[in-house]
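Right, one structure below, let's go through it.
Residue numbers (our numbering): 2 to 563.
Listed below in structure tokens is the structure:
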């Protein structure tokens with residue numbers, strides 16, 4: 002690690018000194034782990050039909066099968082393929098298959114409402130959409146047909162929807178959609194039967210580390226999600242890197258349970274990446290249910306659980322918690338509720354002292370698992386190989402001194418290729434750093450301390466929520482004069498989303514109808530848990546026309562406490 006004397010700039014060691022890195026493309030990654038662990042179990046998935054188990058060789062074959070079908074659908078170099086599913090085998094085959102076909106996998110959230118999905122499809126310009134029919138009582142076939150009626154009437158492969166001019170093919174996992182352009186999963190795969198495996202092998206060989214691999218979405222600092230393009234190099238560095246940070250080896254028999262969507266980059270790198278890089282098995286749960294999760298962890302002898310704080314709280318509060326045998330858990334942090342379970346014995350500490358962004362495809366700074374607490378010293382880690390972190394005055398852009406707070410800026414080999422529709426020079430500074438919008442400082446030893454979001458993004462249950470997006474939806478509710486959404490500290494969620502509202506004179510605005518209104522327009526995790534009504538005079542105390550979020554957050558927290 003290189004530490005400049007007084008200025009708040011710190012660089013990690015050169016990337017070529019990082020141990021454990023393998024091929025830096027998704028096809029190369031999958032081939033490497035398949036060749037090494039071919040007969041091992043790569044994943045298990047339970048549903049009403051029973052248990053599906055794929056070996057690494059199966060995962061490769063199923064991914065090639067998807068790649069052949071995509072090629073038959075016209076997917077080629079840099080074609081965009083949307084994958085909108087919960088954590089299930091077809092998600093992995095869809096993403097790796099897209100990479101093998103030379104395309105770009107677009108990870109779409111199954112939390113999306115119709116309005117949000119409309120924005121994501123329009124922005125991403127996918128030509129093929131692979132999706133799960135029903136998720137949490139949402140029928141995505143019906144949603145898509147509502148957005149583009151041509152999907153319900155066109156022949157398969159012949160969609161002609163002006164709203165999504167690039168979209169031609171759709172395929173569904175689950176119950177078939179009657180009529181229209183949506184293929185069943187089997188019909189979709191059958192499209193590729195005439196495509197040779199040799200051509201897929203040749204296509205995969207053309208993929209370069211600098212090519213775009215995936216497109217993830219983040220709320221960022223704007224009201225609408227931004228499309229973030231990440232290169233194969235950046236994605237695969239993090240997949241190999243997470244294995245090293247967790248300290249997993251091929252003999253550790255890693256069995257990872259997670260119900261968090263792989264369409265979030267953190268879970269992609271942390272759970273999927275580290276597990277496959279170590280030759281482990283992914284124990285997939287489609288949607289989180291505490292009792293089902295506990296049964297799954299016990300039955301599948303899970304060693305490595307990946308859960309958010311609010312999920313741990315629900316697991317500990319489940320009726321079956323005390324009676325479930327969780328003794329298989331090995332890689333479970335001493336600070337989680339699992340450490341208090343009567344059947345669990347652990348002294349392990351996860352590499353959770355880290356800082357990162359979707360724009361850097363997760364971690365930029367970190368300490369590996371089991372780093373002593375006095376070395377971490379409450380920090381968010383030190384720069385990882387190839388990365389440089391600096392802290393600047395957000396107004397002058399000048400680098401500040403050590404120990405002085407400012408805006409965190411990062412650059413390195415996992416930095417995004419750019420946002421969709423935004424020139425790169427509008428995203429990076431003159432020296433190539435990404436301005437994160439987060440506040441923090443670097444100490445004399447080069448440790449980074451994250452202090453909060455300068456952009457006021459709310460982090461709740463592991464997901465980012467843009468208050469501007471919620472405010473825009475609130476502004477459409479009849480009777481709302483002023484709306485400001487803030488994050489209030491919460492014991493298990495990190496922050497909880499709270500809407501602060503001033504009603505027009507004479508108008509009636511009530512919490513329950515407002516939340517129902519927002520549920521129709523926002524993903525569930527974005528819907529405020531509380532809607533607080535204020536008089537305009539109370540807002541004036543915080544700065545009138547320019548409401549200071551910090552003051553409003555304190556006001557909301559006091560109201561909730563009272």
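Quick reminder that beta carbons are idealized off the backbone N, C-alpha and C, glycines included. As the structure is a computational prediction, the values presented were derived from the model and not from experiment.
Those residues which DSSP pairs with residue i across a bridge
i: residue 47; result: 52
i: residue 461; result: 464 and 495
i: residue 490; result: 496
i: residue 354; result: Note: residue 354 sits in no beta bridge, so no partner.
i: residue 123; result: DSSP output for residue 123 lists no bridge partner at all.
i: residue 501; result: 485 and 533
i: residue 139; result: 136
i: residue 230; result: 216 and 419
i: residue 12; result: 3 and 389
i: residue 42; result: 56
i: residue 364; result: 357
i: residue 453; result: 440
i: residue 256; result: 282
i: residue 159; result: Per DSSP, none; premise fails for residue 159.
i: residue 474; result: In DSSP, residue 474 forms no bridge with anything.
i: residue 172; result: 131 and 184
Contact with chain D by residue i, beta-carbon distance below 8 Å
i: residue 238; result: Protein chain content of the structure displayed is limited to a single chain, and chain D is not contained in it.
Counted within 10 angstroms of its Cβ, other Cβ atoms place residue i as buried (16 or more) or exposed
i: residue 381; result: buried
i: residue 227; result: buried
i: residue 94; result: buried
i: residue 423; result: exposed
i: residue 70; result: buried
i: residue 487; result: buried
i: residue 465; result: buried
i: residue 221; result: Note that residue 221 has pLDDT 44, beneath the 50 cutoff, so the model's placement of it is unreliable and no number is given.
i: residue 414; result: buried
i: residue 1; result: Here the chain comprises residues numbered 2 to 563, so residue 1 is not present and cannot be evaluated.
i: residue 477; result: exposed
i: residue 507; result: exposed
i: residue 318; result: exposed
i: residue 554; result: buried
i: residue 179; result: exposed
i: residue 52; result: exposed
i: residue 420; result: buried
i: residue 341; result: exposed
i: residue 291; result: buried
Identity of the residue in the options nearest residue i by Cα
i: residue 374; options: 348, 208 and 406; result: 348
i: residue 444; options: 433, 473, 402 and 412; result: 402
i: residue 108; options: 328, 219 and 563; result: 219
i: residue 202; options: 247, 300, 110 and 99; result: 99
i: residue 324; options: 339, 10 and 311; result: 339
i: residue 58; options: 106, 34 and 332; result: 34
i: residue 469; options: 54, 91 and 501; result: 501
i: residue 485; options: 370, 398, 533 and 259; result: 533
i: residue 1; options: 337, 300, 333 and 301; result: Here the chain comprises residues numbered 2 to 563, so residue 1 is not present and cannot be evaluated.
i: residue 32; options: 117, 231 and 63; result: 63
i: residue 561; options: 526, 491, 459 and 320; result: 491
i: residue 162; options: 29, 260, 65 and 148; result: 148
i: residue 528; options: 538, 535 and 512; result: 512
i: residue 361; options: 417, 212 and 142; result: 417
i: residue 60; options: 91, 74 and 78; result: 91
i: residue 26; options: 96, 81 and 302; result: 96
i: residue 370; options: 247, 356, 399 and 334; result: 247
i: residue 137; options: 493, 496, 289 and 463; result: 289
i: residue 458; options: 510, 551, 3 and 481; result: 551
Which residue spans inside the segment 277 to 317 form an unbroken beta strand (DSSP E) run of at least 3? 282 to 285 and 305 to 307
Mind the definition here: the segment 444 to 455 touches the segment 376 to 392 only if three or more C-beta pairs lie below 8 Å; say whether that holds. yes
Where in the segment 373 to 446 do unbroken runs of the alpha helix (DSSP H), each at least 4 residues long, occur, reported from the N-terminal end onward? 374 to 377
Cβ pair count under 8 Å reaching 3, the segment 69 to 88 against the segment 248 to 268: yes
Do the segment 13 to 29 and the segment 227 to 247 make contact, defined as three or more Cβ pairs closer than 8 Å? yes
Return the chain-ordered ranges of every beta strand (DSSP E) run that is complete within the segment 174 to 226 and spans a minimum of 3 residues. 183 to 185 and 213 to 219
Would you call the segment 282 to 291 and the segment 435 to 443 touching, i.e. three or more CB-CB distances under 8 Å? no
Using 8 Å as the threshold, is the segment 267 to 283 in touch with the segment 383 to 391, meaning 3 or more CB pairs across them? no
Counting beta carbon pairs with one atom in the segment 164 to 173 and one in the segment 193 to 210, are three or more of them shorter than 8 Å? no
So does the segment 37 to 57 actually touch the segment 110 to 122, counting three or more Cβ pairs closer than 8 Å? no
Alpha helix (DSSP H) runs wholly inside the segment 54 to 134, at least 4 long, in chain order: 57 to 73, 90 to 101 and 115 to 125
Would you say the segment 150 to 158 touches the segment 180 to 192, given that touching needs at least three Cβ pairs under 8 Å? yes
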